[in-house]
Amino acid sequence: MGDRRVSDARDRLDSIPTILADRDVIEEYAALTAACRLNGHALQDKIHTADRRVAACAIAKGLPLFSRDGIYADAPRLRLV
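So, in structure tokens, the structure goes:
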């Protein structure tokens with residue numbers, strides 16, 4: 002039963018679209034980090050590194066971010082839904 006559960010979990014994960022950390026995402030991450038530091042946005046803080054990565058993926062791919070997390074409010078170039 003354990004092997005089947007692992008297999009099912011892998012199948013579900015494989016069916017979810019993901020955004021790879023390509024050049025566009027990396028460049029947007031650097032630009033977002035710099036902009037947040039310049040503007041004093043809390044997203045610049047080390048504790049929000051993963052949040053910046055998520056935001057950079059959305060910005061780089063021209064996608065809105067679906068989130069209620071207040072850390073994203075007024076983040077440079079980020080569209081929220």
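To convert, take the position in the sequence shown, counting from 1, and add 1; that gives the numbering used here.
C-beta atoms are modelled at their ideal positions from N, C-alpha and C, and glycine is treated no differently.
Kindly list the residues whose CB is nearer than 7 Å to the CB of residue i, restricted to its own chain and excluding five residues on each side of it in sequence; keep chain order.
{"i": "L81", "result": "P65, L66, S68 and Y73"}
For residue i, list the residues DSSP reports as bridge partners.
{"i": "L81", "result": "L66"}
Name the two residues that bound the continuous alpha helix (DSSP H) containing residue i.
{"i": "D12", "result": "G3 to D15"}
Quick one: does the C-beta of residue i sit closer than 7 Å to a heavy atom of the ligand ZN?
{"i": "Q45", "result": "Of the ligands one can find in the structure shown there are none, so the ligand ZN has no counterpart to examine."}
Please go through the same chain and pick out, in chain order, the residues whose beta-carbon is closer than 8 Å to the beta-carbon of residue i, but skip the five residues on each side of it.
{"i": "A56", "result": "L33, L44, L66, Y73, A76 and L79"}
Open item on the list: Suppose only complete runs of 4+ residues qualify. What are the alpha helix (DSSP H) ranges in the stretch 20-72, listed by chain order?
Closed with: Counting only runs of 4 or more, we get 24-40 and 50-61.
- [ ] Evaluate contact between the stretch 45-53 and the stretch 7-26, counting only Cβ atoms and requiring at least three cross-stretch pairs below 8 Å.
- [x] Too few Cβ pairs lie closer than 8 Å, so no.
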